[in-house]
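Taken in sequence, the protein lines are chains Z and L. Here this note's numbering is used: the first residue of the first sequence is 1, the next is one more, and so on. Here this note's numbering is used: the first residue of the second sequence is 256, the next is one more, and so on. Glycine included, each C-beta is placed from N, C-alpha and C at the ideal position. Every value quoted in this text rests on a predicted model; they were computed, and no experiment measured them. Read through the structure below, which is laid out as structure tokens, and then see the notes.
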Amino acid sequence: MMESVAIKDVSFSYRERGNTVRMVLDKANLVVQQKDILCICGQSGQGKSTLLRILAGLEHPQEGQLFYSGIESELHDHYALKVALEHKVAFVFQNSALISNLRVFDNIALPIRYHQPGRSESDIRDQVEGLLSSMMVAEYKDQFPYTLSAGALRRVSIARALALEPRILLMDEPTTGLDAKNRRSLLALIDNQRSLRHATIIMVTHDLPIAKDLDARVSFLHKGKLSEPIHHDDLLLAQEEHIRDLVEELDRPNG
Amino acid sequence: MAIESKEHYSLPARVLYTLGMLWLMSLPGKLSVIFFKGLWAFFTIDSRRFRTEFKQIILQVYFTGVEAFPLVALVAVLLGSLTITQAVTVMPKVGFSDFFGSLMVIVIVRELGPVLTAFLIAGRTGAALAAYLGNMKVESEVDALETMGIDPIRYLVMPAMIGGMVAMLILNMFFSSIAIVVGYIVAKGLISVMQNMLDSKLIWDHYWESILMGLKPMDFIMVIVKPVIFGAIITTNACLFGTSVKKDVREVPKATSRSVVYSFIFVVLSDLLLSLAYMFDYIRNLSSVF
Numbered sequence: 001m002m003e004s005v006a007i008k009d010v011s012f013s014y015r016e017r018g019n020t021v022r023m024v025l026d027k028a029n030l031v032v033q034q035k036d037i038l039c040i041c042g043q044s045g046q047g048k049s050t051l052l053r054i055l056a057g058l059e060h061p062q063e064g065q066l067f068y069s070g071i072e073s074e075l076h077d078h079y080a081l082k083v084a085l086e087h088k089v090a091f092v093f094q095n096s097a098l099i100s101n102l103r104v105f106d107n108i109a110l111p112i113r114y115h116q117p118g119r120s121e122s123d124i125r126d127q128v129e130g131l132l133s134s135m136m137v138a139e140y141k142d143q144f145p146y147t148l149s150a151g152a153l154r155r156v157s158i159a160r161a162l163a164l165e166p167r168i169l170l171m172d173e174p175t176t177g178l179d180a181k182n183r184r185s186l187l188a189l190i191d192n193q194r195s196l197r198h199a200t201i202i203m204v205t206h207d208l209p210i211a212k213d214l215d216a217r218v219s220f221l222h223k224g225k226l227s228e229p230i231h232h233d234d235l236l237l238a239q240e241e242h243i244r245d246l247v248e249e250l251d252r253p254n255g
Numbered sequence: 256m257a258i259e260s261k262e263h264y265s266l267p268a269r270v271l272y273t274l275g276m277l278w279l280m281s282l283p284g285k286l287s288v289i290f291f292k293g294l295w296a297f298f299t300i301d302s303r304r305f306r307t308e309f310k311q312i313i314l315q316v317y318f319t320g321v322e323a324f325p326l327v328a329l330v331a332v333l334l335g336s337l338t339i340t341q342a343v344t345v346m347p348k349v350g351f352s353d354f355f356g357s358l359m360v361i362v363i364v365r366e367l368g369p370v371l372t373a374f375l376i377a378g379r380t381g382a383a384l385a386a387y388l389g390n391m392k393v394e395s396e397v398d399a400l401e402t403m404g405i406d407p408i409r410y411l412v413m414p415a416m417i418g419g420m421v422a423m424l425i426l427n428m429f430f431s432s433i434a435i436v437v438g439y440i441v442a443k444g445l446i447s448v449m450q451n452m453l454d455s456k457l458i459w460d461h462y463w464e465s466i467l468m469g470l471k472p473m474d475f476i477m478v479i480v481k482p483v484i485f486g487a488i489i490t491t492n493a494c495l496f497g498t499s500v501k502k503d504v505r506e507v508p509k510a511t512s513r514s515v516v517y518s519f520i521f522v523v524l525s526d527l528l529l530s531l532a533y534m535f536d537y538i539r540n541l542s543s544v545f
């Protein structure tokens, strides 16, 4: 199987108030194969979202290397643009991050109009409406983002991320705020992206059962260290105590 | 790494490097960087994306120019009336009744017109733009653009800058025209009402002739240069302060007020520098006489 995303000895830290240095990633390594789904778990505040932002090129690590499809990516300004365009990486933000002055339809059409300027409006309309229908948000297409519920916003932002048919999909807490029905439809869609489009999916989540539903591997981030990805069936066999504790905690009904 | 390699360079090179870095970290340096990035984005518009990016510029012209027009027109009417009212009251006493038009050129066209238009646009459009960009930063919308492969400089900064400059140019011309025409109407009304008290006559042909006499070639240059520079200052400030917001929503009002205050300061400063052009022009004309 072909390597899709890899990070090698990546370290990332930032200065907090009081000038103390907070180490988020400490020589982290990760390899994700094509068509893989990887869930990144960990307690709140461990830097899981920062790891996703590094993979999207939005944060620049102080050291280490990043590889997309086996090719090392240089770190420089507008790195996120390069990652998005050359490596076809899309990002689903935790807060949706839809452009507030554009209607739902135009939010999804924006990347298509921008990157595929030769396409006709009717062609773009067909694609956008197809994406909205698949995410069950077609009825909101003429509304502005501020009028939508949290669940609808999430689904629209996923539809936008899929607009350019990404090879790698990064998702930050995709199931937060979704009811059981919407959660099931979202998982079906993610599985569909993997099986039909051969997309690689990396998601940060506290929803551990998602790994089982998607037959995914799980990696844990704890105190700057990223664990080796483990298959969801083997989670309780993990050697690290913090992983077993977290798995038990997240598996509890109210966890 | 960078510091080690820098030691291989000569002393003058290191001094230049340090000065350059200090300049880039200063406010004028940051403003220059964002301005030239926006300008570069305009001159390198991909012809295939021209429709998308041109639409953004038109939207900005609409927001800055068309929507602000009633406000600008109202202030122009008030300023024009105010200036000519003062002139009608004072100028006949010192024997300058025929120079109302020239006064309007100096006060409205040359100085207060562009500056007041800039203040209005800084307070309205500049503040709105800084707040809009600041909120976009807080809500990760700018990051979202980048992850869609859309350069925020091209999508947000360049249209705001170009649209702002074009709108300022148009608004400034409207401001001066409205102030001059309405100023005349108000003055005419005043004179007819207070015929016995005022020792002035105002005839449109004389007024217009006086305006044409007052206009210098430099005015025709400045009527374009000033608003374009002021528009660039206002929108560049708004873009810089708006995009400097991190993740804290409390930074948005601070960025907005800073954008307006610095726009005021830089507009007045650049107006002063541009006024030197009139002085040089005057000195050159004097030397040609002697």
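Give the single residue among the options whose Cα lies nearest to the Cα of residue i.
i, options, result
"residue 534(L)", "289(L), 474(L), 395(L) and 400(L)", "474(L)"
"residue 289(L)", "301(L), 333(L), 406(L) and 466(L)", "406(L)"
"residue 342(L)", "471(L), 485(L) and 435(L)", "435(L)"
"residue 107(Z)", "120(Z), 182(Z) and 124(Z)", "124(Z)"
"residue 186(Z)", "202(Z), 158(Z) and 245(Z)", "158(Z)"
"residue 515(L)", "267(L), 402(L) and 491(L)", "491(L)"
"residue 33(Z)", "3(Z), 97(Z) and 10(Z)", "3(Z)"
"residue 207(L)", "440(L), 380(L) and 537(L)", "What is shown of chain L runs 256 to 545, which leaves residue 207(L) out entirely."
"residue 390(L)", "498(L), 421(L) and 344(L)", "498(L)"
"residue 160(Z)", "364(L), 425(L), 395(L) and 399(L)", "399(L)"
"residue 270(Z)", "80(Z), 90(Z), 36(Z) and 126(Z)", "Given a span of 1 to 255 for chain Z in the structure shown, any question on residue 270(Z) remains unanswerable."
"residue 371(L)", "412(L), 332(L), 442(L) and 450(L)", "332(L)"
"residue 487(L)", "272(L), 519(L) and 340(L)", "519(L)"
"residue 214(Z)", "227(Z), 232(Z) and 225(Z)", "232(Z)"
"residue 494(L)", "347(L), 387(L) and 351(L)", "387(L)"
"residue 424(L)", "443(L), 539(L) and 476(L)", "476(L)"
"residue 359(L)", "426(L), 465(L) and 325(L)", "465(L)"
Is residue j closer than 9 Å to residue i when the C-beta atoms are compared?
i, j, result
"residue 197(Z)", "residue 165(Z)", "yes"
"residue 469(L)", "residue 430(L)", "no"
"residue 385(L)", "residue 513(L)", "yes"
"residue 93(Z)", "residue 61(Z)", "no"
"residue 419(L)", "residue 315(L)", "yes"
"residue 110(Z)", "residue 144(Z)", "no"
"residue 210(Z)", "residue 38(Z)", "no"
"residue 199(Z)", "residue 169(Z)", "yes"
"residue 236(Z)", "residue 40(Z)", "no"
"residue 522(L)", "residue 489(L)", "yes"
Alpha carbon to alpha carbon, what distance is there between residue j and residue i?
i, j, result
"residue 58(Z)", "residue 64(Z)", "15 Å"
"residue 376(L)", "residue 321(L)", "12 Å"
"residue 503(L)", "residue 393(L)", "6 Å"
"residue 194(Z)", "residue 243(Z)", "26 Å"
"residue 152(Z)", "residue 137(Z)", "7 Å"
"residue 258(L)", "residue 15(Z)", "In this prediction, residue 258(L) scores a pLDDT of 46, lower than 50, which makes its location untrustworthy; the coordinate-derived value is nonetheless stated afterwards. So the alpha carbons of these two residues sit roughly 20 Å apart."
"residue 29(Z)", "residue 416(L)", "43 Å"
"residue 245(Z)", "residue 27(Z)", "24 Å"
"residue 380(L)", "residue 206(Z)", "42 Å"
"residue 155(Z)", "residue 45(Z)", "25 Å"
"residue 353(L)", "residue 461(L)", "7 Å"
"residue 511(L)", "residue 412(L)", "16 Å"
"residue 175(Z)", "residue 318(L)", "38 Å"
"residue 190(Z)", "residue 36(Z)", "11 Å"
"residue 401(L)", "residue 409(L)", "11 Å"
"residue 6(Z)", "residue 68(Z)", "7 Å"
Closer than 8 Å by beta-carbon distance: list the chain A residues that pair up with residue i, in chain order.
i, result
"residue 110(Z)", "Going by chain labels, chain A is absent from the structure shown, which instead holds the protein chains Z and L."
Go to residue i, then tell me how far its beta strand (DSSP E) extends in each direction, as first and last residue.
i, result
"residue 92(Z)", "89-92"
"residue 60(Z)", "Neither: residue 60(Z) is in no beta strand (DSSP E) and is coded neither H nor E."
"residue 200(Z)", "200-204"
"residue 144(Z)", "No beta strand (DSSP E) holds residue 144(Z); DSSP gives it neither H nor E."
"residue 280(L)", "Careful: residue 280(L) lies outside any beta strand (DSSP E), inside the alpha helix (DSSP H) at 266-280."
"residue 73(Z)", "71-73"
"residue 14(Z)", "3-15"
"residue 138(Z)", "Looking at the DSSP string, residue 138(Z) is not in any beta strand (DSSP E), and its letter there is neither H nor E."
So residue i is in the alpha helix (DSSP H); what residue range does that whole segment cover?
i, result
"residue 86(Z)", "79-86"
"residue 305(L)", "305-316"
"residue 377(L)", "Careful: residue 377(L) lies outside any alpha helix (DSSP H) and carries neither H nor E."
"residue 107(Z)", "104-115"
- Query: Using a Cβ cut-off of 8 Å, which residues of the stretch 114-141 of chain Z contact any Cβ in chain L, in chain order?
  - Reply: 114, 115, 117 and 118
- Note down, in chain order, all residues in the stretch 339-356 of chain L with a beta-carbon under 9 Å from any beta-carbon belonging to chain Z. Listed by position along the chain: nothing, the set is empty.
- At a Cβ cut of 8 Å, what residues of the stretch 390-405 of chain L count as close to chain Z, listed as they run along the chain? 390, 391, 394, 395, 396, 398, 399, 400, 401, 402, 403, 404 and 405
- Contact residues within the stretch 36-57 of chain Z, judged by C-beta distance below 7 Å to chain L: 56
- Message: Please list, in chain order, the residues of the stretch 272-305 of chain L that have any C-beta partner in chain Z closer than 7 Å.
- Response: 303 and 304
- Query: At a Cβ cut of 7 Å, what residues of the stretch 365-386 of chain L count as close to chain Z, listed as they run along the chain?
  - Reply: The stretch 365-386 of chain L vs chain Z, Cβ under 7 Å: nothing.
- Would you list, in chain order, the members of the stretch 481-495 of chain L that have their beta-carbon closer than 9 Å to a beta-carbon of chain Z? none
- Listed in chain order, which residues of the stretch 304-335 of chain L have Cβ atoms closer than 8 Å to some Cβ of chain Z? 304, 306 and 307
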